[in-house]
Amino acid sequence: MNPPSSSPTSPPTSPPTPPAWLAHFGSLRTALAGMALLGVAVLIGRFRSDWLGVGLIVALLFLALNLLVALVVHPSLRRRVPLLVFHLALLGLVLASGLGRMTALDGRFELTEGVPWDGVLMDGVAGRWHPDRLGQLSFVHSGFEIDYAPGLKRGPTRNRVHWTDADGQPQDAVIGDHHPLVLRGYRIYTSPNKGYAPLLRWTPAGGEAAIGALHLPSYPAHALQQSLDWQPPGGPALWLQLPVDPSLIDPDRAGRFRLPEDRTLVIRHGGNGGAVEQRLTLAPGGSLDLPGGRLDYLELRTWMGYRVSYDLSLLWLLGLAMLAVVALGWHYARQFTAAPSRGASPARAVDAGALEAR
4 MNPPSSSPTS PPTSPPTPPA WLAHFGSLRT ALAGMALLGV AVLIGRFRSD WLGVGLIVAL
64 LFLALNLLVA LVVHPSLRRR VPLLVFHLAL LGLVLASGLG RMTALDGRFE LTEGVPWDGV
124 LMDGVAGRWH PDRLGQLSFV HSGFEIDYAP GLKRGPTRNR VHWTDADGQP QDAVIGDHHP
184 LVLRGYRIYT SPNKGYAPLL RWTPAGGEAA IGALHLPSYP AHALQQSLDW QPPGGPALWL
244 QLPVDPSLID PDRAGRFRLP EDRTLVIRHG GNGGAVEQRL TLAPGGSLDL PGGRLDYLEL
304 RTWMGYRVSY DLSLLWLLGL AMLAVVALGW HYARQFTAAP SRGASPARAV DAGALEAR
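Add 3 to the 1-based position in the sequence shown for my numbering, that's all there is to it.
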């Protein structure tokens, strides 16, 4: 009697092997290549700012795609929840940093004491998707205090500012190099640049008067160069200087930024085309009749330099970075606290058998 025949069993099917190019693309080697591409994009952007946005998009998309492929071709990453969370947090960091750079703005401007800021920058760099709302910002700086240690070591800047909020309520604050004024997502910090600003009124012959301030070079960084060239509309070319006493901020002792006692301007004009150069002095409240109009010196104020930044991705980057750290700590904690397997290892089994044989 023949034994009952058993039906042949089919071998277990293995999961489909991903294409070779896919496995290669999701490797550490391509991740390093993507980081190198990101570095090249940033380097090129320092010389060609118009290429920075495109370069960042290409490099960050490459890194994000590489990370997604790694999650597909490496099942162990999906089975281990802490590692999965860690890599998803990395993916979020890449995307958030790219979006942040495309919507960010970094710039600088100078503002005369008592004059509202009109939202105009001296220079700046903005991402292609930046929502330009600088024209909606306005504040007034009401003076500042800066203490100096011996050796002209600058202390913290305490800049008093005031503005009107969206509800029409007056607001005021004290800001500095590390304590910004936040308006509509823009963070405005003081900078080391500051100085003196003569407030002048120029009345051209037969025209309307115009009032404005001239920002002298930063003080005390350029204490010996408190002068500039200026030509009023329809008037002669002028050279103006504010002679400042060298002891105003003594480098050998502690001091404080303040206006000089003597605020008289030295003005030169002429000397072109055979004309005799004239050297004149002008005190606050005085005026000069010059070719083409009259110049009035109203008062001496201060000016402050500011830097402004806009990056809404900062909080997202902080949260994702903390999530990545927690997930990585979770992963290693599980590795260190994992219970050993119940079965003895092969080496220990051999040792036990040898002892019984003895």
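By construction, the Cβ of each residue, glycine as well, lies at the ideal position given by its N, Cα and C atoms. The model shown is predicted, which means the values in this text are computed figures rather than measured ones.
(message) Measuring straight from C-alpha to C-alpha, what distance separates Asn196 and Ser312?
(response) Position 193 of the sequence shown, counting from 1, holds the residue named residue 196. Position 309 of the sequence shown, counting from 1, holds the residue named residue 312. Spanning the two alpha carbons is a distance of roughly 17 Å.
(request) Keeping to the same chain, check which residues put their C-beta closer than 6 Å to that of Gly37; ignore five residues upstream and five downstream. (result) Here residue 37 corresponds to residue number 34 of the sequence shown, with the count starting at 1. Counting only Cβ-Cβ distances below 6 Å, and skipping sequence neighbours, we find Phe65, Leu66, Asn69.
(request) Determine the contact status of His144 and Met307, defining contact as a CB-CB distance below 7 Å. (result) Numbered from 1 along the sequence shown, position 141 holds the residue referred to as residue 144. Numbered from 1 along the sequence shown, position 304 holds the residue referred to as residue 307. Their beta carbons are under 7 Å apart, which means His144 touches Met307 by this criterion.
(request) Using three-state DSSP, classify Gly356 as helix, strand or coil. (result) Working through the sequence shown from its first residue, we reach residue 356 at position 353. Reliability of the predicted coordinates at Gly356 is poor, the pLDDT of 43 falling under 50, and the value obtained from them is presented with this limitation in mind. It is helical.
(message) Using a 10 Å radius around the Cβ and a threshold of 16 neighbouring Cβ atoms, would you call Phe50 buried or exposed?
(response) As a working mapping, residue 50 is identified with position 47 in the sequence shown. Exposed.
(message) With the cut-off set at 7 Å, would you say Ser194 and Arg304 are in Cβ contact?
(response) Sequence index remark: in the sequence shown, residue 194 carries index 191 (1-based). Sequence index remark: in the sequence shown, residue 304 carries index 301 (1-based). No, these two residues do not count as a Cβ contact at 7 Å.
(request) May I ask which residues mark the beginning and end of the beta strand (DSSP E) holding Thr115? (result) For the purposes of this step, residue 115 is taken as residue 112 along the sequence shown, with counting starting at 1. Unbroken beta strand (DSSP E) run through Thr115: 108-115.
(request) Go ahead and label Asp314 buried or exposed: buried means 16 or more other beta carbons lie within 10 angstroms of its beta carbon, across all protein chains shown. (result) Indexing the sequence shown from 1 puts residue 314 at position 311. With 16 or more other Cβ atoms within 10 Å, it is buried.
(request) Report, in whole angstroms, the separation of the C-beta atoms of Gly110 and Gly127, which I expect to be a contact under 8 Å. (result) Counted from its first residue, the sequence shown places residue 110 at position 107. Counted from its first residue, the sequence shown places residue 127 at position 124. At roughly 2 Å, the Cβ-Cβ gap stays under 8 Å, so Gly110 and Gly127 are in contact.
(request) Sort Leu317, Asp232, Leu331 by Cα distance to Leu108 and report the nearest one. (result) For this step, residue 108 is matched to residue 105 along the sequence shown. Comparing Cα positions, the closest option is Leu317.
(request) Would you kindly report the start and end of the unbroken beta strand (DSSP E) that includes Ala216? (result) Stepping through the sequence shown from its first residue, residue 216 is reached at position 213. Looking at the DSSP string, the run of the beta strand (DSSP E) that includes Ala216 is 213-216.
(request) Tell me whether Leu66 sits in a helix, a strand or coil according to DSSP, three-state version. (result) Along the sequence shown, read from residue 1 onward, the residue named residue 66 stands at position 63. Of the three classes helix, strand and coil, the one that applies to Leu66 here is helix, per DSSP.
(request) Have a look at Val57 and Leu91 and give me their C-alpha separation to the nearest angstrom. (result) Taking the sequence shown and counting its residues from 1, one reaches residue 57 at position 54. Taking the sequence shown and counting its residues from 1, one reaches residue 91 at position 88. Going by the C-alpha atoms only, they are around 24 Å apart.
(request) Thinking Leu283 and Leu291 are a contact (beta carbons under 8 Å), I'd like their distance in whole angstroms, please. (result) Numbered from its first residue, the sequence shown carries residue 283 at position 280. Numbered from its first residue, the sequence shown carries residue 291 at position 288. Between Leu291 and Leu283 the Cβ distance is about 6 Å, and since that is below 8 Å, they are a contact.
(message) From the DSSP secondary-structure annotation, give me the bridge partner or partners of Asn162.
(response) Along the sequence shown, one-based indexing puts residue 162 at 159. Note: Asn162 sits in a beta bridge opposite Phe147, Ile178.
(request) Establish whether the CB of Ser141 and some CB of chain B are separated by less than 7 Å. (result) Of the chains in the structure shown, none is chain B; there is only one protein chain.
(request) State yes or no: is the C-beta of Ile214 nearer than 6 Å to some heavy atom of the ligand MG? (result) Although the ligand MG was asked about, the structure shown includes no ligands whatsoever.
(request) Give every residue of the same chain whose Cβ lies closer than 6 Å to the Cβ of Trp242, excluding the five residues on either side of it in the sequence, and list them in chain order. (result) As a position in the sequence shown, residue 242 is number 239, starting the count at 1. Hits under 6 Å: Asp232, Arg271.
(message) Please report the distance separating the alpha-carbon of Ile178 from that of Glu113.
(response) Looking up residue 178 in the sequence shown gives position 175. Looking up residue 113 in the sequence shown gives position 110. Their Cα atoms are separated by approximately 15 Å.
(message) Mapping the DSSP letters down to three states, classify Tyr222 as helix, strand or coil.
(response) Here residue 222 refers to the residue found at position 219 of the sequence shown. Tyr222: coil per DSSP, three-state reduction.
(request) Name, in chain order, the residues that DSSP records as bridge partners for Val311. (result) Numbered from its first residue, the sequence shown carries residue 311 at position 308. Per DSSP, Gly110, Ile191.
(message) As an exercise, report each continuous beta strand (DSSP E) stretch of at least 3 residues that is fully enclosed by the segment 279-332, in chain order.
(response) 281-285, 290-293, 296-313
(request) Determine the contact status of Tyr189 and Gly258, defining contact as a CB-CB distance below 7 Å. (result) Position 186 of the sequence shown, counted from the first residue, corresponds to residue 189. Position 255 of the sequence shown, counted from the first residue, corresponds to residue 258. Contact: no.
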